[in-house]
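Working notes for the structure below.
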Amino acid sequence: MGIVLKQSFNNTLILFLGFAIGGINVLFLFTNFLHEDYFGLITFLLSAANIILPLLVFGMQHTMIKYFSSYKSKIEQDGFLISMLILPLVVIIPLALIGTLLYENIATWLSSENLLIKKYTYLIFIVAIFMGYFEVFHSWTKVQFNSVFGNFIKEIFARVCTSILLVAIYFEWITNEQFIYAMVIVYGVRMLLMKLYAFYIYMPKLIFKMPTNLKEILSFSLYIIVAGSASGILLEIDKFMIPQIEKIAEVAYYSVGVYIASVVAIPTRAMQQITSPITAKEMNDNNIVEVEKLYKQTSINLLVVGGLLFLLINLNITDLYELINKPQYSKGIWIVLIISIAKLLELALGTGNAILINSKYYKIFFYLSLAMALTVILLNRWLISLIGINGAAFATLTVVFMYSFIKIIYIKWKLKIQPFSANTIKVLLLVIAIFLAFNFWNFNFNPIINIILKCLLIGVPYLLIIKKLHISKDINSLVTKYF
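Numbering (the UniProt record's numbering), first residue to last: 1 to 483.
See the structure below:
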């Protein structure tokens, strides 16, 4: 776990810093400087881009991680990497032509409930290409076991640029409309920086030779395209569908709640940067013992850290919304609780998704992802119409619970490994006990003072109990070293 713990810790610090900057953007700058319709618009455009991203890059970011370690010679590796950059063009160019011919129909459909969207529809395709190739170049560095810089560019660069642009709106240097176009440029520059760093880490020779196992790669990529799109639908469809049913400003209110809840997922996002290529390598070597060890360690470590974040967020949520000082956004309080529970369930899965994708049973990931996408679309359509934006959060929680359970059972059935132990139950009981104990305990001071006091009263006992119970050797060593 040495390289995993080291890079995961560095990635976690970067993610926390990125979320801190993003938190300032989402909770204060966006809500006060940008009109809520344009806040909803940029959220919609980015969500739509994320949904089509896997299709445009042909799933190459996952294919690269799965197959790179299976090539042993430099010539094979170089040819493989070059092909990973060329193959997406087979999809991008035809789709660009089709999109140009059918643009008016697509734009009219997307803007049926909110006309503001129509003018900016084409930006979805451009941003998706920028995002997609960024992920490909990021995977390029991951297979070299170097994930920290890419994570820095991904999590911090775009958010700092966003902060600057929002301040520019405040001083009337740019308009709300110009902000939308400027954000597209930011994503383009981000992709270019990632490309330059990827070539700096590993510069291949220009070998225009397709891999010998091209048929296998294409088969895997086709499954991953659909699975990746389905996963993107699970993450982004709520923000995509809300404007089709509600006013576009509702996306802004929903996004703030989701953003706050997403802090719970920081540990898994950090750890996945390095555990995915390691899991792929161990699966290629058929080393199930190491795969199981990583599976169990990541599950309990993520649950411990995620449990603490879950408590700190949800037990301070009222004060946090008071700091935002925008009453219309406070309808997202329940969204924070519902989505953060879903994120906690995902943490408990550990490296489960990486195991499925990189095993010979990867096709099941395709079927599960497709089923998840269809389920969440149907639930969103029903629940958003029924109870508004809270319905979108309930749809996400329901689908995450159902399919996380199925994945755990399937991995246990096929590989005879599972991530849980008695310590899992201990952590869950501790989280529930502290949540119930502090849920109705409020201070009558300034919101910032209230948050600091609660964080101390919750965080210190939580970490001490975790250390005392010897839940995780990795967490214990970090607590001892830094606290």
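Think of the CB as a built atom: it goes at the ideal place given N, C-alpha and C, for glycine as much as any other residue. Quick caveat, the model's predicted, so the values are computed rather than measured.
Task: Simplified DSSP assignment, three categories, for Gln61 - done: helix
- [ ] Along the alpha helix (DSSP H) that carries Leu415, what are the first and last residues, could you check?
- [x] 389-415
TODO: Check each candidate in Phe137, Ile174, Tyr170, Gln178 and name the one with the smallest Cα separation from Arg190.
DONE: Phe137
TODO: Please name the residue, chosen from Gln244, Ile278, Ile21, that lies closest to Ile389 on a Cα-to-Cα basis.
DONE: Gln244
Task: Ile475 vs Asn423 beta-carbon contact at 8 Å - done: no
Task: Whole-angstrom C-beta distance between Ala198 and Trp140, which should lie under 8 Å - done: 4 Å
- [ ] Can you tell me which of the three DSSP states His470 falls into?
- [x] coil
TODO: Apply the 10 Å Cβ neighbour rule to Lys473 and answer buried if 16 or more other Cβ atoms are within range, or exposed otherwise.
DONE: exposed
Task: Exposure label - Met203; buried when at least 16 CB within 10 Å - done: exposed
Task: 7 Å Cβ shell around Leu46 - same chain, five flanking residues per side excluded - done: Val127
Task: Cβ neighbours of Phe152 in the same chain (closer than 7 Å, five flanking residues each side left out) - done: Ile14
Open item on the list: Give me, in chain order, the residues of the same chain whose beta-carbon lies closer than 7 Å to that of Phe39; leave out the 5 immediate sequence neighbours on both sides.
Closed with: Phe30, Ala252
Task: CB-CB length for Ile260 against Val336, believed under 8 Å - done: 5 Å
Open item on the list: Rounding to the nearest angstrom, what Cα-Cα distance links Gln144 and Met194 in this structure?
Closed with: 14 Å
Open item on the list: Tell me the rounded alpha-carbon separation between Phe134 and Leu192.
Closed with: 8 Å
Open item on the list: Quick check on this structure: which residue in Ile377, Ser255, Ala354, Leu378 has the alpha carbon closest to the alpha carbon of Asn25?
Closed with: Ser255
- [ ] State the CB to CB distance for the pair Lys142 and Ser276, rounded to an integer number of angstroms; the pair is presumed to be in contact (CB under 8 Å).
- [x] 7 Å
Open item on the list: Please report the distance separating the alpha-carbon of Gly352 from that of Lys407.
Closed with: 7 Å
TODO: Determine the burial state of Lys205: buried for a count of at least 16 other Cβ atoms within 10 Å of its Cβ, exposed for fewer.
DONE: exposed
Open item on the list: Is it the case that the region 172-187 contacts the region 92-108, given that we only count it when at least three CB pairs across the two stretches are under 8 Å?
Closed with: no
Open item on the list: Which same chain residues end up closer than 7 Å to Leu428 when comparing Cβ atoms and leaving out the 5 residues on each side of it in sequence?
Closed with: none
Open item on the list: Using CA atoms only, rank isn't needed, just tell me which of Ile180, Ile185, Trp109, Asn105 is closest to Glu36.
Closed with: Ile180
Task: Three-state secondary structure (DSSP) of Thr175 - done: coil
Task: Per-residue DSSP class, three states only, for Phe145 - done: coil
Open item on the list: Residues in the same chain with beta-carbon distance under 7 Å from Phe310, minus the five sequence neighbours each way, listed in chain order, please.
Closed with: Val264, Ser340, Leu344, Val431
- [ ] Below 6 Å CB to CB, which residues in the same chain sit around Ser163 once its five sequence neighbours on both sides are set aside?
- [x] Asn25
Open item on the list: Between His62, Gln418, Asn439, which has its C-alpha nearest Lys296's C-alpha?
Closed with: Gln418
TODO: Use the C-beta contact count for Ile51: other C-beta atoms within 10 angstroms, 16 or more gives buried, fewer gives exposed.
DONE: buried
- [ ] Classify Leu102 as helix, strand or coil using the three-state DSSP reduction.
- [x] coil
Open item on the list: Taking the straight line between their C-alpha atoms, what separation do you get for Phe435 and Ile458?
Closed with: 9 Å
TODO: Determine the direct distance from the alpha carbon of Met64 to that of Met84, and round the result to whole angstroms.
DONE: 7 Å
- [ ] Mind checking which residues open and close the alpha helix (DSSP H) that includes Pro54?
- [x] 36-56
Task: Cβ shell of Thr279 (< 7 Å), same chain only, five flanking positions each side left out - done: Val291, Leu294, Thr351, Ala354, Ile355, Asn358
Task: Test item: CB-CB of Met131 and Leu53 under 8 Å - done: yes
Task: Contact set for Ser221: own chain, Cβ-Cβ below 6 Å, skip 5 residues either direction - done: Phe58, Gly59, Thr63
Open item on the list: I need the straight-line Cα distance from Ile274 to Thr268, nearest angstrom please.
Closed with: 10 Å
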